[in-house]
Every structure is written in structure tokens, then in C-alpha cells.
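Okay, structure first, notes after.
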Amino acid sequence: MFWTNLLAARTQMGVSFVFHIIFSVLGVGLPVLLCISEGLALFRKDAHMMMLARQWTRAFAILFAIGAVSGTIVEFEISLVWPIFAGKAGAIIGLPFATEGFAFFMEGIFLGLYLYGWGRLSPKAHWLCSFPIVLSGSSSAWFITSANSWMNSPTGFQMVNGKVTNIDPFAAILNPSTPFETVHMILACYVATGLGAAAIYAFGMLRGKRDDYHHRGLLIGLALGGIAIPLQIACGDLNARSIEDTQPAKYAAMEGAMYSGNGLPLYIGGIPDPNTKQTRYAIIIPQGESLLSHFTINSHTTGLDAFPPADRPDPVRVHLAFDAMVGCGFFIFFVSALFWFLYLKRKGRIPENKWLLRGVVVAGVCGFLAVELGWITTEEGRQPWIIYNIMRVGSAVTPNPLMTISLIVFSCIYILLGVTLVAFLILIARRREAQRSWSELIVKDTVKAEPIK
């Protein structure tokens, strides 16, 4: 039978993560934009920067509220859909979930101060409230990602007669995958948020709104994304190298390496074929995988043929997701580098070439697409294990036969949340901030009360 309880459970978690990861990314990246824009507004006395901070604050407040709902649902689903996993792993990785909750509450406290402090706190005190929000958002991402990295390289416990003993929660958090995955995820948040914000203002400029407000929004977004993307590419390279050691089957699937050998080629794109052990329709660079991964042209790489068929991830999904993620990353890097090259060449004047602005819009979409593809690579590459080499996904799922109904119910909830989010964001975008007096926006004389063109 094609449709099984396990497939329904995996589909439900997939839908949940695809939706919730957007809030996670923006929850980490938007506070950085808020902090930068308000800081520049205060120190440069720039009304347009303050207007950006106000608009992004409204958007962040809505994203935070709906993200809290979707995050609660995800944590509820872990126990509901994967009770056996929760029972085994809860005592080991409960600490990062608890500390993530603490970071979330800290973020909520300072977000409340930030939201209701406009015009009540001094300008600098209000700006300083954004710093704990930035720190809390990044801390939340770090702790949650460390829990996922533990699933990829489990440490900090012993299994005795099927029971978990000798638990060391700190060793579990600081497992071999943690340094690479956590930094990779946080940088991904900065890239996606920065390019996403830049894409909004680039789209506005394409529609003729080429004023200082849109110029500043474009610059701040591309500054954050442009700084983060080369760091992200370097971190991704280190992450892939660590995966070769900790999860060799995942690495083989990512690279489309269907067989083991020395001096393997690099496959760019293509469709791996488990039957023929070939990667068809790919751009093949002879000995490229060996050179790229080990800096020699004749090093040994373990392919999928070294693992029992039951222990192999699906190379088609993993390889295509990985290559598409890498492609998105390099496209973002190219667009960001081109923009800043032209910006510096023009001595600080915004390049308004239509094709470049269209590229920024596409790069904004690619930022979030790369995040989704990265998590597909991570989760699909670990299959068939939910805890690598310890527990299989099929052994962790709930025996409840009503998973299809649960999938429908939770999917409807996410559709409702998504529609609500879009409606509120459109409402915010359409508000004409320029019609409000600047005394409502900022403390008097903090910035120049320049009209918005």
C-alpha cells in the first residue's frame, strides 16, 4: 500500500517544518535589520532609516506572534507523532529545548519593551533594547539546531539493553556536528532575511518607487546578505567535509557518488540511478570530487555501494536538493557581488539597472528556497534513521492509525496561519507612513523630519 501511517507522519512533519522554518529564519534575521536601521537613524539623523525600523518592527511583531503559534505546534507534534523518539531522546536533548524556551521568553520580554517603548524610552535606550532581541533570536536558532545536529551525530549517552544510560547533556549539545550546523543555520538566516528584504525594495524600485526610502531598504538588506553569503559558502564547505566523517552515506548521496573509489568525479546536477550506479545528465568534472573534498586528485571516497540498501538515503532527492541549495547560494553571491561592485564603481550611487534589480528579487526568493532545500538535504540524507545508526524512523512513529486525519487538520491550521500572515503583512505594507506626523514616529529632534518623496 503506497499511503502508510509512516508516510502520513513524515508528510505532516514536513509540512510543519517547511512552514515554521520561515518564521525561524525571519526571527533571527529581522532583529539584526531593526538594530542596524534604528542605529543608523539615530547616529546619522536619518528619517528614512527610522521609517524602515518602524515598518520592520510591525512586520516582526506579527511574525513573532504567528511563529510562536507554529513553533508550539511543532513541539506538540514531536510528542504526538514521534512518541517513541521523544521517550528515548527527551532526556538527552531536553536541555537545548529548555534553553531555547528561555531564549524565546527573553526575546518576548525585550520585544515587548521595544514595541511599547517607542516615544516612551529615550532613543538610545530604545535602540539598546534591540540587542537582546538579536542575541535571543540567534541563541534560539543555535540551541534548536544543536538538537538536530545531535540526531545526525548522537553522543552524550550509552545504550544498555535498549535503555538510555550515562547521559551527559552537555556532550550531547556539543556533538561533532554542532559547530558546523549551528553556524551554517544562523548565517542562512542572515542571508535569507537580508536578501528577502532587499528583494522587496528592489521590486518596489522596478515599479517606479526609486526614492531614498527604497534605496536605504535595498542597501541595508544587501549589506546584511552580502556580508553573510561568502561566510555561508565557506561554512557550508566545512559542514560538507564534516558530514563525510560523521554521516558518510549522506555525503555520498549529496555528491551523487553511487560507488566507492579513488579520484571520483564531481557531478553537478544530474539524476543518480541506484540500478546502474551512474549519475545521469550531470555536468561531470573528472576527479573534481576528490580535489574539492580532499585537495588531492586521487583520494578515496566512500560511495553508496558501501552501505546495505536498507541503510541508504534516496540519492535522487538528496543530491538534487543539495545541488539546488548550492546553486542558490552561488547565485546570491554573484548578485550581491555585482551590486556592490557597481555601487562602489558609481561612488555610492545605487545601480538601478532593471536586470540587476530583477536579479535581486530572484535572489531574495533563492535565499528562502536555499534554507528549505538545506533542511531537505539534512533530513532526507539521514534516512532511514531518525537518530543516526541508533533508531530508524519507522520505529519511532506513533502506532495511531489516524495520522491521515491529523495531517489534514494540521495542514488546515497552517493554511489559516499563512493566510492570516499574508493579510496582515499586506495591510502593513499599504499603510502610508508619510501621512503620520513624525512626532508619532520618533522622539522630537532625534532625526531630521524630512518628507518622504
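To convert, take the position in the sequence shown, counting from 1, and add 1; that gives the working numbering.
Glycine included, C-beta positions come from ideal geometry on N, C-alpha and C.
- Beta-bridge annotation (DSSP): T146 is not paired with any residue.
- In this structure, DSSP gives L122 a state outside helix and strand, which the three-state scheme calls coil.
- With contacts defined by Cβ atoms closer than 8 Å, K125 and L35 do not form a contacting pair.
- For M14, the three-state secondary structure derived from DSSP is helix.
- Membership of Y268 in the beta strand (DSSP E) is indicated by the continuous run 267–269.
- In this structure the segment 354–364 does not lie against the segment 386–398, because fewer than three pairs of beta carbons, one per stretch, are closer than 8 Å.
- Assignment of G109 by DSSP, reduced to helix, strand and coil, places it in the helix class.
- Contact between P266 and Q288 holds: CB atoms are separated by about 6 Å, below the 8 Å threshold.
- When the Cα atoms are used, W119 and R217 turn out to be separated by approximately 21 Å.
- The alpha-carbon separation between K210 and A203 amounts to approximately 9 Å.
- Straight through space, the alpha carbons of L136 and G102 are spaced by roughly 14 Å.
- Its Cα nearest to that of Y415, the residue G72 stands out among A54, F342, G72, P84.
- Bridge pairing for I286: L267 [DSSP].
- The beta carbon of Q13 is closer than 8 Å to those of E78, V82, M404, S407, L408, F411, S412 in its chain, skipping five residues each way along the sequence.
- Pairing M326 with G375 gives a Cβ-Cβ distance under 8 Å.
- Between the alpha carbons of T179 and S150 lies a gap of roughly 5 Å.
- Contact between A250 and L305 holds: CB atoms are separated by about 7 Å, below the 8 Å threshold.
- Between Y191 and M52, the CB-CB gap reaches or exceeds 8 Å.
- In the three-state reduction of the DSSP assignment, D274 falls in the strand class, which pools E and B.
- Within the DSSP bridge table, the entry for K164 names V161 as partners.
- Counting C-beta pairs closer than 8 Å gives fewer than three between the segment 128–135 and the segment 80–95, which falls short of the contact rule.
- If you draw a straight line from the Cα of L426 to the Cα of I63, it comes to about 8 Å.
- Taking the Cα positions, D169 is about 22 Å away from W386.
- When C-beta atoms of the segment 304–318 are compared with those of the segment 251–265, three or more pairs fall below 8 Å, so the two segments count as touching.
- For Q56, the uninterrupted alpha helix (DSSP H) run begins and ends at 48–82, by DSSP.
- With the rule of 3 Cβ pairs closer than 8 Å, the segment 330–345 does not count as touching the segment 154–169.
- Cβ-Cβ distances below 8 Å link D274 to M259, T280, R281 in the same chain, with the five nearest sequence neighbours on each side left out; the list follows chain order.
- DSSP, read as helix, strand or coil, puts Q279 in strand.
- According to the DSSP assignment, I388 belongs to the beta strand (DSSP E) that extends over 386–388.
- Nearest to L27 by C-alpha distance, out of G349, A66, L417, L428, is A66.
- Scanning N401, T58, F340, S140 for the CA closest to the CA of Y117 turns up T58.
- Pairing P97 with I145, the inter-Cα distance amounts to about 6 Å.
- With 16 or more other CB atoms across the displayed protein chains lying within 10 angstroms of its CB, M186 is buried.
- A straight-line Cα-Cα distance of about 44 Å links L31 and S261.
- For R383, the secondary structure class from DSSP, reduced to helix, strand or coil, is helix.
- According to the DSSP assignment, V192 belongs to the alpha helix (DSSP H) that extends over 179–207.
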